[in-house]
Amino acid sequence: MYTIGQFARIGMVSTSALRFYDEIGLLKPSTIDKYNGYRYYLEEQIDDIHFISEMREYGFSLEEIKAFLNNKKNTLEDSLREKYDQLFWEEQKITYIRRKLKDKINYVGGEGDFMDINKQDNNKLEVKVVTKEVEIKTIGISVTIPSWPPDPSIFADLWTRYWDEDISNKIPNKKYPSVRYGILTFENGAVNYLVTDEVTSYDGVPEGYTKFDIPKGKYAVCTFNGRTFDEMVNDSMQKANDHLLTSWLPESNYKHAETFSLEVYDDRSRRKEYPEMDIYQPIID
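My numbering numbers the first residue of the sequence shown as 4 and each following residue consecutively.
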């Protein structure tokens, strides 16, 4: 058996933390001396204290960890996957904030005009909330992104394949000939990017193609443009995402649903001058 001091060193926690874990029923000592009140722990409890410390490192609450210890197999895997997905979106937000901080640092250091990040001729950057009453069926092609942040060429290569292989004309039951979606999904630890067309049904889906349902619900929609198509899908899209996720969303009464993000390309995106598009981010109250 281990004294509370010995067990604290093994678990790399404080003795006060162990006493608190005892009080809330998270990790009780094997024995408490009835004469002096000293707590003692068994060797088989070492796995539990290491597990608690690991889950705390991942950001789980003590109540959540208590539930894991009581019923590990039924709750742990799903909760770990959910936390993994949540951290992905937090990582994106941190990346956006760091980018904005870099712009601010350059401005303070005299290297540029910080306010120029939202200024350009005929610049458009508008956000509104819309509610989709029905889900949207889409079919297209997809690629798995091996690491985050991704190599930008992954997205460009999938779009190149979409056009080179005439994917759009091979999709059955297409609803709109000039509307296309770029969809970034993050689910069960996997990041995927899809290029799809909206369809009326999933009858006759070609082999190797991917289906994706854009769910009904509330969305924050950011409409923006660029001087050229390349500027729109690169610099302008980056600024639009920055604005939506790090400025608009924190000041709103909504939270990001953290399930996927959506790019919408339509006839506006074909303009030679100042093409325009939308990005949709699912939100919850």
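Glycine included, each C-beta is placed from N, C-alpha and C at the ideal position. In this text, all values refer to a predicted model and were calculated from it rather than measured experimentally.
Suppose you measure from the CA of residue i to the CA of residue j; what does that come to, to the nearest Å?
i: Gly143; j: Thr231; result: 26 Å
i: Glu190; j: Arg183; result: 22 Å
i: Phe117; j: Leu187; result: Low per-residue confidence applies at Phe117: pLDDT is 42, beneath 50, and the placement is therefore not dependable, though the value from the model is reported in the following sentence. About 29 Å.
i: Asn121; j: Lys177; result: Only weak support exists for where Asn121 lies, its pLDDT of 43 falling under 50; the coordinates are left without a value.
i: Asp169; j: Glu85; result: 36 Å
i: Ala11; j: Arg22; result: 10 Å
i: Val137; j: Pro285; result: 14 Å
i: Ile97; j: Leu248; result: 10 Å
i: Asp270; j: Met235; result: 14 Å
i: Gly14; j: Ser82; result: 23 Å
i: Lys214; j: Val202; result: 10 Å
i: Ile108; j: Phe158; result: 30 Å
i: Phe71; j: Gly28; result: 13 Å
i: Trp166; j: Pro155; result: 18 Å
i: Tyr222; j: Val111; result: 35 Å
i: Ser171; j: Arg59; result: 47 Å
i: Trp251; j: Tyr257; result: 10 Å
i: Glu207; j: Pro175; result: As written in the sequence, residue 207 is Gly, which differs from the Glu given in the question. Whole-angstrom Cα-Cα distance: 7 Å.
i: Asp36; j: Asn74; result: 29 Å
i: Thr147; j: Lys275; result: 32 Å
i: Ile7; j: Glu261; result: 41 Å
i: Pro62; j: Met280; result: With the sequence shown as reference, residue 62 is identified as Gly, and Pro is not the correct amino acid for it. Whole-angstrom Cα-Cα distance: 37 Å.
i: Val194; j: Pro149; result: 7 Å
i: Thr226; j: Ser145; result: 24 Å
i: Ile139; j: Ile217; result: 5 Å
Between residue i and residue j, which are expected to be in contact by the criterion C-beta below 8 Å, what is the C-beta distance as a whole number of angstroms?
i: Ile52; j: Leu30; result: 6 Å
i: Ile282; j: Glu266; result: 6 Å
i: Asp88; j: Thr141; result: Asp88 to Thr141, Cβ: 21 Å. No contact.
i: Tyr277; j: Asn228; result: 5 Å
i: Lys219; j: Lys105; result: Between Lys105 and Lys219 the Cβ distance is about 38 Å, and since that is not below 8 Å, they are no contact.
i: Val224; j: Lys131; result: 5 Å
i: Tyr212; j: Leu161; result: The Cβ separation is near 13 Å, so there is no contact.
i: Ile68; j: Ile55; result: 6 Å
Would you decide whether residue i is buried or exposed? Buried here means 16 or more other CB atoms lie within 10 Å of its CB.
i: Pro32; result: buried
i: Pro253; result: exposed
i: Gln241; result: exposed
i: Pro209; result: exposed
i: Glu93; result: exposed
i: Glu129; result: exposed
i: Arg42; result: buried
i: Val198; result: buried
i: Glu46; result: exposed
i: Asn39; result: exposed
i: Gly185; result: buried
i: Val16; result: buried
i: Tyr205; result: exposed
i: Met4; result: exposed
i: Ile100; result: exposed
i: Tyr179; result: exposed
i: Ser181; result: exposed
i: Ser64; result: exposed
i: Ser264; result: buried
i: Ser255; result: exposed
i: Ser19; result: exposed
Check the DSSP bridge columns for residue i and list the partner residues they point to.
i: Arg183; result: Asp200, Tyr268
i: Pro285; result: Tyr222
i: Trp44; result: Note that residue 44 is Tyr in the sequence shown here, rather than Trp. Beta-bridge pairing links Tyr44 to Tyr5.
i: Val34; result: Note on residue identity: the sequence assigns Thr, not Val, to residue 34. Paired residues: Tyr43.
i: Glu129; result: Thr226
i: Val194; result: Ile148, Phe189
i: Asp216; result: Lys140
i: Glu279; result: Asn228
i: Met135; result: Per the sequence shown, the amino acid found at residue 135 is Lys instead of Met. For Lys135, which the question treats as bridged, DSSP gives the partners Gly220.
i: Lys177; result: Val202
For the ligand PLP, I want to know if residue i counts as a neighbour, meaning its beta carbon is within less than 7 Å of at least one of the ligand's heavy atoms.
i: Glu60; result: With respect to the ligand PLP, the structure offers nothing, as it holds no ligand at all.
Report task. Go through the segment 46 to 85 residue by residue and report every complete run of the alpha helix (DSSP H) that reaches 4 residues or more, in order. Result -> 49 to 60, 65 to 73
Report task. Report the residue ranges of all alpha helix (DSSP H) runs contained in full by the segment 230 to 254; include only those spanning at least 4 residues, in chain order. Result -> 240 to 245
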